[in-house]
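Notes follow once the structure below has been shown.
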Amino acid sequence: MFNFSNLVQKAQQLIIEPTLSVAGPTSDRRPSKATLFRHQFRLPDSQSPLQEITAELTLSPHHSQRSASGEVGSPEKERTQGNHYVGKLHLSEQFLCFSTHGSSFISTASLSSSSSFTGQTHGAGPAGNGFTLPLCAIRRVERLHSQSYMFALAITTWNGSADGKRKNVAPSGQKLTIQLAGSRIQCERFCDGLKKGLRAGVKEIENLRSVVSECYSEYLLAEDEEKSEGGEQGKTAREHPDTGLGLVFKYPGNARKLRDATKIRLWREYLRENGRNATLIRQPTFHKLIRVGLPNRLRGEIWELTSGSFFLRLQNPKLYTETLARFSGRESLAIDEIEKDLNRSLPEYPGFQSEEGIGRLRRVLTAYSWTNEEVGYCQAMNIVVAALLIYMSESQAFFLLSVLCDRLLPGYYSTTMYGTLLDQKVFESLVEKTMPILWDHLQKHDVQLSVVSLPWFLSLYINSMPLIFAFRVLDVFFLEGPKVLFQIGLAILRINGEELLDATDDGTFISVLKSYFARLDESAHPKSENPKLRAVTRFQELMVVAFKEFAGITQNTISEQRAKHKDAVLANIENFTKRTSIRNLGPESKRLSPNDLGFLYDRFYAILYERQQRAEIMQQEADRKVKAAKAKAMEVMTGMGGNAVEKGRVGLGPSPTQMDYDGFREFLAGIAKWAVTDSPTSPPEASGEKAGHSYFGNSMRSRPPMSPWGTGPEPADHEFMRRLFRRWDTDMTNSLNLQNVVTGFAQVKGTKDIMSNISYFFELYDDDGDGRVDREGILRISEALLFLSRRGMGEYSPSHSTVDLQQGGSPERHSNRDEQFLSSISAFIRRCFEYADPDHPSNQHQPLSDTVENPDDNFAIGTDDEDDLIDLKSEPTTPVPQKPSSPKDHIKHPLSPIPSNTDPLSSTSTPTSPDPNLPARTEKAKAANKALDPNKPLYITLPTFRMVILADEILEQFFELGFSSSFRLADAPLPSSASSSSNLTTFANAGNKSATTGLGIGGSVGGANAGIVPPGKGLRGMLDNIVSDGMRVAAEVRRRMEEAQREMDREARHGREEEDEEDEGASGAKDADLLEGAETEDVEVERGSAPDLLGVGEGSGMGAGVEARRNRSASDASRKVVEFER
Amino acid sequence: MADSGATQPKPSSSVKLVLLGEAAVGKSSLVMRFVNNDFQENKEPTIGAAFLTQKCTLPSRTIKFEIWDTAGQERFASLAPMYYRNAQAALVVYDITKSSSLTKAQHWVAELQRQASPGIVIALVGNKADLANPEGESGEGGGEVEEDVDGVVAGNEEEGEEGSGDARKVPTKTAKAYADEEGLLFFETSAKTGMNVADVFTAIANAIPETSLKGPRGVGGQSSLREGQGDARVNLGRATAEGPKEGCAC
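Below is the structure:
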């Protein structure tokens, strides 16, 4: 009989199935087979399907009561009586499962993804008949020999005998017979697997004992058995297990009206025949008994079994108490939030007006918030848990809550509640599909369906319906899964359809439903002639409509709809989050434009997200390599159709908010070209497919093995970046959050005030905050200035790019500027040392006149930019005449490894012709020299620093504009596409053909810069920049012309330094023998402490790079000292 | 129903009003007081949002408030746009005994100013005024809390505590200054005692520009039952408790 109906069911499934999978989502959206398997049998995440085989389960009447020791009758005889079920038998690490609805996946499906859904529940839960046996609950497996079956196993369970107290009682172990249908090899393999599992299961028996002893079913049946045994053991041996607050404060509803006693009797019979708790077998009656509502005292246990939280508890029975103990006394935000709501969770239930009830609620919510800190606590959890606690113990509720959060209601209670929003969308689309007229009506009158439906889902109808009905919904929900919520919701709307169609505003809509819920216990057909029909309550009607009329709503439907709406919902949440967090960045952020803030936000989280993704993918790759053989699906529990790789996405809940130093480097590399490394360790990837905002593109997955920096340019690692990082890390967490970054940028970019920029820079290097920067600091500043300018200097660096260099030709004016900058920095160092304190007051005078000179020039130039623009055409080439470089120079400076590296300007400014100012200079230098003596500590103060900066027009410009504009935010796109660079180059070359040809610089510098991904620009922005650059360049060049002669004379000596500096910026190796003279040692000593100071300790090539650089600058310093002494 | 429909043929219009604010500041209680003139000590937290209506009769017109009462917990914030969409008025509620709640309220004000419909009337409401000592009002604590307002959370929670058993942490002055600066209506209320509750809604009703009022939605025949009862009950309560407040006969 049952066999037959099963066949019919199976046939039906086969017919229905194709239509379901027609509009299926893409295969990568499909949950994996392992996921489906776990969901189907409600197994913990540690389980995976190891073996499966077609089998027939035979249950003889009263099979559980038959004595295990008795001789088993012949299988043939057994076959003639009892129930037979054909289905699939599965084996996982710790479970043996059987279901007539077999699998929710075809057996050929791979572990990583299931190619098709089959079973009725689509992996939603244990529909069908069968069992989920923990292997430790199996006492014995015998192989029966028979003619008709190759393999028949007789399984004896620990049913009813797992309780240690009753060891002396003859076990009433239950016995099932399973015939395996498969080839001999298949059967052998299955049995081998089973044997292995059973052996491993032996050590779990203690867990089983302790868990089972807390089950009401044991108590219920023991009572029975003891009675029948003559009560010799006495009932005193047993305590009533904790079946929730209801035991003390009464269960909701009228027990008589709910026919609780009858239900208990029926369950007692069922459990006696079909095994209890761990060894329960699902037969059709089981499903029926659940549909009519569970009896109060058994409710908790059955919820636990059907939801699978029982198996979690079985794995770790002490987790709850241990968690509470471990975190006792600790505080958290979640706990504060929990406290707020404790007094307002089901306040109408007497148990929650008592300290006892509130205490339980507090402990369960708190314990869960510790085990899942990402979720913490969400309002509505209080209501759900309060409801659970009426029927279960704290520990049971704790595990059930985690099954709810992790599996049944994925993402519902997360910090963004994306699951809730997603399911609202799914629900709306189902309403639209199944009740188009009602849907149109709602749309027309702008009624928000989710206002009513959101609480239904979020609190599982508990505070929408009267409790007794909500619990009946839960009964089915735990068995059949999330689809039940949708079915009930749709049924509610369907039943009230007529009235709802009359409602034209939210208020009416809500009150219709409210009054419906209030009358759920009334007759659905009060006027019917038929007394039977009259007896049907509205709630019964609701159940019928939900499960009959909306039987087509399966887990598969839900999964598909979720997949369809997921992206839109997440994007919405992310928009909102972005808006909110930008707005809440505080007053500092107002100094940046909204566009810039948006850009920073995107960039910041994109980096964090991508870094996390990369880490995960690389981790996965590593894992794969490690256990390539044993393919264990790597999945993140995001529920059905969850997409592992998307974890960390902002919309999904708590995502990382802290950026470490490496992330910061990557972040900077995207917005400032100086932050891109000169020596990439991995070949730059030409792919520029990353478009502006689509940083959550699923393309992530299909990427080829990646460099640690993804597709972006590899960031540099420079002391300056570390300093910036430390400066911005105001909370001293060794990481930056968005607030830090925005505040940081606001300070750098938000001001156009040169003075504050100078102070800012100074403070960066004023390590101890005493307003002084020592010799070391001065050198570091100059290093930083070189570092920042080595790619040209922000806004007013012509043509904006180093791109040209790669192309083998550099515009003259570009290099020209760079050289000038080098010279400025060299002058900067010199002046710093000259004016450093302690100093001779007598020296103060002359230098001052020096410094006044240059600013004057600047101001004059600043005003006539416009006019100069006209001369643009002729100007760029003007420096060329200055080009003649004396070969002598190269000879004099053996330190420059590549002779061609010398550039026109530094060459011209380093003639060896006698300097008219030389005597004065030397005198001054001598004075300064004392200050330079490493044995005599010196420092500069902010005013000195300021003066020195202002003394140099180029540095002044750098601090006025260059530095802040070297960060390109919203108005300048990310450096991403290489294609736009060619435009730039073309233009630059077009204007400077003549200039570029004669110069060798391009080659050498380009060599150093190879691999830099140039900034991509819109055409518009490019033109704007070119025009403004042109203006500046013109002005600059003209001024330079005038100044050239004077400079030539005056700066004769320092030209050498310039070259040194330039080498440092552009080239690599330096001879160690430069480190000559007594000073070297001192410098070395100083350097010794540097790594600590910097916190380099990277252990990577980067750290070494910094070291080398420092080495060089140290040698420079010492060399300069030597020079001055001469 | 009786007083609005037949006897007073005043122009009637509906106004969508949304309540926003930190968890447990008393949003739902305010609404409950306004709609049912009732107060519950331990009210269940609002899940998602609740919807209620109440009429408010001004000398010149009747206004039917469609009140959207939202959940306060931070993570529910992303649901809020769903509810404040098209709202003409907003009550941003904070708890005068909790300075962090004013910060949160300020965030909401900023959100509304940027994202809600232009011209939305916003009222800043400091609830739980009954917990404040009437004399100790905005005395010593003034200065410190002022700073606190800009972003710092609950910095001086402890300080106010020892002063005269006054639970107030947010001085009226501070909140008022902020409200003035942002052009918000400002009230301190107590849902528990009913203090100022009706006034808030009346003030909002008065502040809604005539032009932005739309007619009542639909025929409105069905929406009667519950409201009608509410109206009658509140009317009685109001008459005795507060006397004839300007206009609002709800």
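If you're matching them up, the sequences are chains A and B in order.
The opening position of the first sequence corresponds to residue 1 in the UniProt record's numbering, with each subsequent residue numbered one higher.
The opening position of the second sequence corresponds to residue 1 in the UniProt record's numbering, with each subsequent residue numbered one higher.
Every residue, glycine too, gets a C-beta built ideally from N, C-alpha and C.
Please read all numbers here as calculations on a predicted model, not as lab measurements.
*asked:* My output table needs one value for T132 of chain A: the three-state DSSP class, helix, strand or coil.
replied: strand
_N- and C-terminal bounds of the beta strand (DSSP E) containing G126 of chain B_ = V121 to N127
*Would you kindly work out how many angstroms separate the C-alpha atoms of K250 of chain A and Q540 of chain A, rounded to a whole number?*
Using only the alpha carbons, I get a separation of about 24 Å.
*asked:* In whole angstroms, give me the CA-to-CA distance for V447 of chain A and A503 of chain A.
replied: The alpha-carbon of V447 of chain A is positioned some 9 Å away from that of A503 of chain A.
*Could you tell me whether the Cβ of K43 of chain B comes closer than 9 Å to any Cβ of chain A?*
yes
*Answer with yes or no whether the minimum CB distance from N86 of chain B to chain A is below 9 Å.*
yes
*Check whether the Cβ atoms of H84 of chain A and Q51 of chain A lie closer than 9 Å to each other.*
no
*Quick one: is L533 of chain A buried, meaning 16 or more other Cβ sit within 10 Å of its Cβ, or exposed?*
exposed
*L438 of chain A: buried (16+ other C-beta within 10 angstroms of its C-beta) or exposed?*
buried
*Is it true that the CB of L346 of chain A sits closer than 9 Å to the CB of L467 of chain A?*
A contact, by the Cβ cut-off of 9 Å.
*Please report how far the alpha carbon of E337 of chain A lies from the alpha carbon of S101 of chain B, in whole angstroms.*
13 Å
*asked:* Comparing C-alpha positions only, which one of A:R591, A:R726, A:R611 and A:L736 sits nearest to S964 of chain A?
replied: A:R591
*Using DSSP with H/G/I as helix, E/B as strand and the rest coil, what is K749 of chain A?*
helix
_Determine whether the beta carbon atoms of L43 of chain A and S92 of chain A lie at a separation below 9 Å._
yes
*In angstroms with no decimal places, state the Cα-to-Cα distance between G194 of chain B and K10 of chain B.*
Going by the C-alpha atoms only, they are around 27 Å apart.
*Expected contact under 8 Å - CB spacing of A716 of chain A and A675 of chain A to nearest Å*: Sure, about 6 Å apart at Cβ, within 8 Å.
*In the DSSP assignment, find the alpha helix (DSSP H) that holds I573 of chain A and state where it starts and stops.*
Q555 to R583
*Does the Cβ-Cβ distance between F51 of chain B and A123 of chain B come in under 9 Å?*
no
*Mind pulling the chain B residues with CB within less than 8 Å of P466 of chain A?*
Under the 8 Å cutoff, chain B gives no residues; its nearest Cβ is about 14 Å from P466 of chain A.
*Mind listing the chain B neighbours of A380 of chain A? Cutoff is C-beta to C-beta under 7 Å, in chain order.*
Residues of chain B passing the Cβ test: I47.
*For R140 of chain A, verify whether its CB is less than 8 Å away from any heavy atom of the ligand ATP.*
This structure does not include the ligand ATP; it has no bound ligands of any sort.
*Start and end residues, alpha helix (DSSP H) containing Q40 of chain B*: Segment: none, Q40 of chain B is in no alpha helix (DSSP H) and carries neither H nor E.
*Along the chain, where does the beta strand (DSSP E) that runs through A49 of chain B open and close?*
A49 to T57
*What residue range is occupied by the uninterrupted beta strand (DSSP E) comprising W68 of chain B?*
In the DSSP assignment, W68 of chain B falls within the unbroken beta strand (DSSP E) covering T62 to T70.
*List the residues of chain B whose Cβ lies closer than 7 Å to the Cβ of P347 of chain A, in chain order.*
N42 and E44
*Can the beta-carbon of E188 of chain B be found less than 9 Å from the beta-carbon of I96 of chain B?*
yes
_chain A residues whose Cβ lies nearer than 8 Å to that of P81 of chain B_ = F576
_Is there a C-beta anywhere in chain B that falls below 9 Å from the one on G293 of chain A?_
No, G293 of chain A does not count as interfacial toward chain B.
*Within 9 Å (strictly less), CB to CB, does G357 of chain A reach chain B?*
no
*Return helix, strand or coil for R139 of chain A, following the three-state DSSP convention.*
strand
*asked:* Assuming the contact rule is C-beta atoms closer than 8 Å, L786 of chain A and I758 of chain A should be a hit. Round their C-beta distance to whole Å, please.
replied: Between L786 of chain A and I758 of chain A a beta carbon distance of about 17 Å is seen, past the 8 Å cut, so the two are scored as non-contacting.
*If you draw a straight line from the C-alpha of T306 of chain A to the C-alpha of I67 of chain B, how long is it?*
41 Å
*Give the single residue among B:A198, B:L58, B:W108 and B:A116 whose Cα lies nearest to the Cα of S29 of chain B.*
B:A198
_For a test of the three-state rule: what should DSSP assign to P715 of chain A, helix, strand or coil?_
strand
*List the whole-angstrom C-beta distance separating Y391 of chain A from G244 of chain A, where the pair is believed to meet the contact cut-off of C-beta under 8 Å.*
4 Å
*Could you work out which residues of chain A lie near F76 of chain B, taking near to mean beta carbons separated by less than 8 Å?*
Q379 and M417
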